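Working notes, structure below.
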Amino acid sequence: FFFVLSSFVSSGCTMATSNDNPLLDRSGLPKFYSIKPEHVKPAMTELLESTRADFKALENKVMETPTADIYSVVIDDLEVVQHPLDYAWSVIRHLVGVKNGDELREAHKEMQPEVTKINQSMGQSRQLYKALEKLRADEAEWDKLEEAQQRIIQSKLRSMKLSGVGLEGDELEEFNKIGVELAELSTKFNNNVLDSTKAFTLVLTAKEEVDGLPPTALALAAKTAKDKGHEGATAEEGPWALTLDIPS
C-alpha cells in the first residue's frame with residue numbers, strides 16, 4: 003500500500019531524520035506498531051518546514067534550468083521533494099482509518115490544514131507551470147520525450163490548472179479557503195462513518211433469524227455477543243450479535 007522510495011534521496015533535498023519519531027523513519031516499511039498520536043505534530047512540523055525549503059530551492063533551480071533538463075527537474079526532483087511529507091501523511095491517514103481514536107483524530111485535525119495549504123502552494127507554483135509550458139512548446143525537445151513522459155507532463159499541466167495555478171487575488175484566496183474546508187469536511191465525514199459503524203449492533207435471539215448462516219459466521223456472531231456482554235452466547239443457541247465491522 004505504501005511505496006518506500008528510499009532511492010529518492012539527493013544531496014539537494016533536505017532529509018528529516020530522527021531516532022525517536024517513527025514517522026520520520028523511511029528506512030523500510032512504516033513502523034505502525036511504534037507510531038503514537040504524540041509523534042504526529044513534531045514529525046509533520048519538521049517535514050512541513052523542510053518541504054517548504056526544498057520546494058523553494060526547486061523553484062529557484064527550475065528558473066535556471068535548460069529546456070532539455072526541465073523534465074528531470076520538475077517531475078523527478080519534485081517527487082523527491084514531496085515524498086517525505088507525502089509518505090508520513092499517508093501513514094497518518096491510514097492509521098486514522100484503521101486505528102481511530104480521539105488523540106489521533108485531534109493530531110490529524112490540527113495538522114491537516116497545513117498539509118492542505120502546502121500542497122495547494124506546490125500545485126499553484128507559477129515557476130514550475132511556466133517551465134512545463136516552455137518544454138511543451140519546444141517542439142524539438144518535446145519530440146525527444148517518450149510518450150509516457152509527454153503524458154505525465156500533460157497530466158501535470160492539467161492538474162495544476164485545476165489546482166488554481168491561473169487564479170490570483172481574491173479568487174485564489176477563496177479557492178484555497180474552499181480547499182481547506184473540503185479537506186476538513188471529508189475527514190469529518192469519514193470519522194462520522196467510523197463512529198456510526200462502531201456504534202451499530204444487531205442482536206438476534208431467534209434461530210430462524212440466523213437460519214442459513216454458516217457455522218463460522220454463527221461462531222463469530224456469538225463471540226461478538228459475548229464481547230458485548232452476552233456471557234452465555236453460543237454459536238448453537240445464541241444470542242448472535244452482528245455489526246458493520248468486517249467480516250461480520
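For the sequence shown, this note's numbering gives the first residue as 3, with consecutive numbering after it.
Just so it is clear, CB atoms sit at the ideal spot from N, CA and C, and this is done for glycine as well.
Since the structure is predicted, the reported quantities are computational estimates derived from the model, not experimental observations.
Does the distance from the C-beta atom of residue i to that of residue j stay below 8 angstroms?
i, j, result
"Ala55", "Leu25", "no"
"Leu130", "Ile155", "no"
"His110", "Thr189", "yes"
"Glu105", "Pro39", "yes"
"Gly234", "Lys209", "no"
"Leu164", "Phe177", "no"
For residue i, which of the options has the nearest alpha-carbon?
i, options, result
"Ser52", "Gly166, Ser161, Leu87", "Leu87"
"Ile77", "Lys119, Lys33, Met124, Lys111", "Met124"
"Lys230", "Trp144, Trp242, Lys38, Thr118", "Trp242"
"Gly181", "Gln126, Thr47, Thr69, Ser198", "Gln126"
"Glu81", "Lys158, Gly103, Leu147", "Lys158"
"Tyr238", "Ala227, His232, Leu220, Pro249", "Checking the sequence, you will find Glu at residue 238 rather than Tyr. Answer by Cα proximity: Leu220."
"Val195", "Gly99, Met162, Ser161", "Gly99"
"Met162", "Lys132, Asp213, Leu147", "Lys132"
"Leu246", "Phe191, Asp79, Gly234, Thr203", "Thr203"
"Lys146", "His232, Ile72, Leu169, Leu106", "Ile72"
"Ala59", "Val83, Glu112, Thr69", "Val83"
"His41", "Glu112, Ala70, Phe57", "Glu112"
"Asn62", "Gln122, Ile94, Asp79, Arg28", "Asp79"
"Ala139", "His85, Glu173, Ala70", "Ala70"
"Ile248", "Ala223, Gly234, Glu233", "Ala223"
"Asn102", "Ala142, Gly214, Ile37", "Ile37"
Quick one: what's residue i bridged to in DSSP?
i, result
"Trp242", "Leu206"
"Thr236", "Gly240"
May I have the straight-line CA-CA distance separating residue i from residue j, to the nearest angstrom?
i, j, result
"Gln152", "Ile120", "26 angstroms"
"Ser74", "Glu66", "13 angstroms"
"Thr207", "Glu175", "57 angstroms"
"Gly166", "Ala185", "16 angstroms"
"Val212", "Ser198", "23 angstroms"
"Leu244", "Ala227", "8 angstroms"
"Ala201", "Pro216", "25 angstroms"
"Lys43", "Thr118", "15 angstroms"
"Leu50", "Ala90", "11 angstroms"
"Gln122", "Asn193", "24 angstroms"
"Leu31", "Trp144", "37 angstroms"
"Lys179", "Phe57", "22 angstroms"
"Thr47", "Lys33", "19 angstroms"
"Arg28", "Glu173", "38 angstroms"
"Ser13", "Thr218", "Residue placement at Ser13 is flagged as unreliable, the pLDDT there being 35, under the threshold of 50; the coordinate-derived value follows with that caveat. One C-alpha to the other measures close to 55 angstroms."
"Asp22", "Val64", "35 angstroms"
"Glu149", "Lys225", "56 angstroms"
"Asp85", "Val93", "It should be noted that the sequence gives His, not Asp, for residue 85. Rounded to whole angstroms, His85 to Val93 spans 12 angstroms at the Cα level."
"Glu252", "Glu116", "No information on residue 252 is available, as it lies outside the stretch 3 to 250 that the chain covers here."
Strictly under 8 angstroms for the Cβ-Cβ distance: is residue i near chain D by that measure?
i, result
"Thr207", "Looking for chain D here will not work: only one protein chain is present."
Please list the segments of the alpha helix (DSSP H) lying wholly inside the stretch 101 to 158, counting only runs of 4 or more residues, in order along the chain.
Complete alpha helix (DSSP H) runs here, min 4: 104 to 125, 128 to 139, 141 to 146.
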